[in-house]
Amino acid sequence: MAGDDSGVPALYLYSHADVITDARDLEELIAARRARADAPIDSMAFDGSEHVLHLKAHGEQYARAVERFVMAVARERLPATRQPAARHSSLKLACLAVPAPSSVH
223 MAGDDSGVPA LYLYSHADVI TDARDLEELI AARRARADAP IDSMAFDGSE HVLHLKAHGE
283 QYARAVERFV MAVARERLPA TRQPAARHSS LKLACLAVPA PSSVH
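223 is the number of the first residue of the sequence shown in this note's numbering; add one for each residue after it.
Written as C-alpha coordinates, this is what we have:
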(Lines of atoms letter the chains of each structure in order from A and count residues from 1; the text may use other names and numbers.)
(Lines give C-alpha, C1' and ligand atoms only; values in the text may rest on other atoms or scores of the structure.)
Protein backbone atom coordinates (compact mmCIF):
# COMPACT_ATOMS: atom_id res chain seq x y z
CA MET A 1 0.00 0.00 0.00
CA ALA A 2 1.21 3.47 -0.75
CA GLY A 3 1.67 5.87 2.12
CA ASP A 4 1.67 5.22 5.83
CA ASP A 5 -1.06 2.74 6.72
CA SER A 6 0.15 2.22 10.29
CA GLY A 7 -2.61 2.24 12.83
CA VAL A 8 -5.33 1.85 10.19
CA PRO A 9 -7.58 -1.21 10.66
CA ALA A 10 -8.13 -3.24 7.50
CA LEU A 11 -10.37 -6.03 6.30
CA TYR A 12 -9.18 -7.76 3.14
CA LEU A 13 -11.86 -9.70 1.25
CA TYR A 14 -10.42 -11.52 -1.73
CA SER A 15 -10.58 -14.65 -3.84
CA HIS A 16 -8.10 -17.14 -5.18
CA ALA A 17 -10.15 -17.10 -8.40
CA ASP A 18 -9.47 -13.39 -8.96
CA VAL A 19 -7.42 -12.93 -12.12
CA ILE A 20 -6.88 -9.20 -11.50
CA THR A 21 -5.57 -9.21 -7.93
CA ASP A 22 -3.12 -12.01 -7.15
CA ALA A 23 -4.13 -13.66 -3.88
CA ARG A 24 -0.52 -14.55 -3.03
CA ASP A 25 0.57 -10.91 -3.26
CA LEU A 26 -2.34 -9.83 -1.09
CA GLU A 27 -1.58 -12.56 1.46
CA GLU A 28 2.01 -11.26 1.67
CA LEU A 29 0.68 -7.76 2.36
CA ILE A 30 -1.70 -9.12 5.01
CA ALA A 31 1.12 -11.03 6.70
CA ALA A 32 3.34 -7.93 6.71
CA ARG A 33 0.58 -5.79 8.21
CA ARG A 34 -0.16 -8.41 10.88
CA ALA A 35 3.54 -8.69 11.74
CA ARG A 36 3.58 -4.99 12.60
CA ALA A 37 0.60 -5.52 14.91
CA ASP A 38 -0.23 -1.82 14.84
CA ALA A 39 -3.92 -2.19 13.99
CA PRO A 40 -6.60 -4.85 13.62
CA ILE A 41 -6.01 -6.69 10.35
CA ASP A 42 -8.53 -9.28 9.26
CA SER A 43 -9.05 -11.17 6.03
CA MET A 44 -11.31 -13.66 4.34
CA ALA A 45 -10.42 -15.59 1.21
CA PHE A 46 -13.25 -16.83 -0.96
CA ASP A 47 -13.11 -19.59 -3.53
CA GLY A 48 -14.71 -19.21 -6.93
CA SER A 49 -15.70 -15.54 -6.95
CA GLU A 50 -14.22 -13.22 -9.52
CA HIS A 51 -12.75 -9.77 -8.87
CA VAL A 52 -15.07 -7.66 -6.65
CA LEU A 53 -17.92 -10.20 -6.93
CA HIS A 54 -17.48 -11.76 -3.50
CA LEU A 55 -20.58 -10.08 -2.06
CA LYS A 56 -22.71 -11.40 -4.89
CA ALA A 57 -21.30 -14.92 -4.72
CA HIS A 58 -20.92 -15.25 -0.94
CA GLY A 59 -23.35 -12.71 0.51
CA GLU A 60 -23.86 -14.16 3.98
CA GLN A 61 -20.18 -14.92 4.61
CA TYR A 62 -19.21 -11.49 3.30
CA ALA A 63 -21.75 -9.70 5.51
CA ARG A 64 -20.69 -11.65 8.62
CA ALA A 65 -17.01 -10.85 7.98
CA VAL A 66 -17.73 -7.13 7.62
CA GLU A 67 -19.95 -7.07 10.69
CA ARG A 68 -17.38 -8.95 12.84
CA PHE A 69 -14.64 -6.59 11.69
CA VAL A 70 -16.62 -3.40 12.33
CA MET A 71 -17.69 -4.60 15.77
CA ALA A 72 -14.13 -5.67 16.69
CA VAL A 73 -12.72 -2.29 15.68
CA ALA A 74 -15.50 -0.49 17.55
CA ARG A 75 -14.82 -2.52 20.72
CA GLU A 76 -11.13 -1.74 20.49
CA ARG A 77 -11.39 1.93 19.60
CA LEU A 78 -14.37 3.13 21.62
CA PRO A 79 -13.89 3.89 25.31
CA ALA A 80 -15.74 1.48 27.59
CA THR A 81 -18.31 4.16 28.38
CA ARG A 82 -19.13 4.54 24.70
CA GLN A 83 -19.36 0.83 23.84
CA PRO A 84 -22.48 -0.10 21.88
CA ALA A 85 -25.15 -1.11 24.37
CA ALA A 86 -26.47 -4.67 24.32
CA ARG A 87 -29.83 -3.37 23.12
CA HIS A 88 -28.08 -2.25 19.93
CA SER A 89 -26.50 -5.63 19.20
CA SER A 90 -29.10 -6.40 16.57
CA LEU A 91 -28.26 -3.20 14.70
CA LYS A 92 -27.06 -4.00 11.20
CA LEU A 93 -25.14 -1.72 8.91
CA ALA A 94 -27.02 -0.68 5.81
CA CYS A 95 -24.37 -2.23 3.60
CA LEU A 96 -24.94 -5.57 5.30
CA ALA A 97 -28.61 -5.70 4.40
CA VAL A 98 -27.98 -7.60 1.21
CA PRO A 99 -30.34 -9.97 -0.57
CA ALA A 100 -29.61 -13.67 -0.44
CA PRO A 101 -27.11 -14.65 -3.14
CA SER A 102 -29.74 -16.55 -5.12
CA SER A 103 -31.84 -13.39 -5.54
CA VAL A 104 -28.99 -11.09 -6.60
CA HIS A 105 -29.13 -10.23 -10.29
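No residue lacks a Cβ here, since even glycine has one placed at the ideal position from N, Cα and C.
Starting from the C-beta of residue i, find all residues in its chain whose C-beta is less than 7 Å away, skip the five residues before and the five after it, and write them out in chain order.
i, result
"SER271", "SER237, ALA239, ALA279, HIS280"
"GLU298", "PRO262"
"ASP260", "SER228, GLY229"
Between which two residues does the alpha helix (DSSP H) holding residue i run?
i, result
"PHE253", "Looking at the sequence itself, residue 253 is Ala, so the reference to Phe does not match. Here the alpha helix (DSSP H) through ALA253 covers 245 to 258."
"GLU289", "281 to 299"
Residue i: buried (16+ other C-beta within 10 angstroms of its C-beta) or exposed?
i, result
"ALA253", "exposed"
"VAL199", "Residue 199 falls outside the range modelled here, since the chain spans only 223 to 327, and no answer is possible."
"LEU277", "buried"
"ALA287", "buried"
Within a Cβ cutoff of 6 Å, which residues of the same chain sit near residue i, ignoring the five residues on either side of it in sequence?
i, result
"ARG256", "ILE263"
"SER265", "TYR234, ILE252"
"ALA232", "ILE263"
"VAL241", "none"
"MET293", "none"
Tell me which same chain residues have a C-beta within less than 8 Å of the C-beta of residue i, skipping the five on either side of it?
i, result
"THR243", "TYR236, HIS273"
What residue range is occupied by the uninterrupted beta strand (DSSP E) comprising residue i?
i, result
"LEU235", "232 to 237"
"ALA267", "263 to 268"
Please state if the CB of residue j and the CB of residue i are separated by a distance shorter than 9 Å.
i, j, result
"ALA267", "ALA285", "no"
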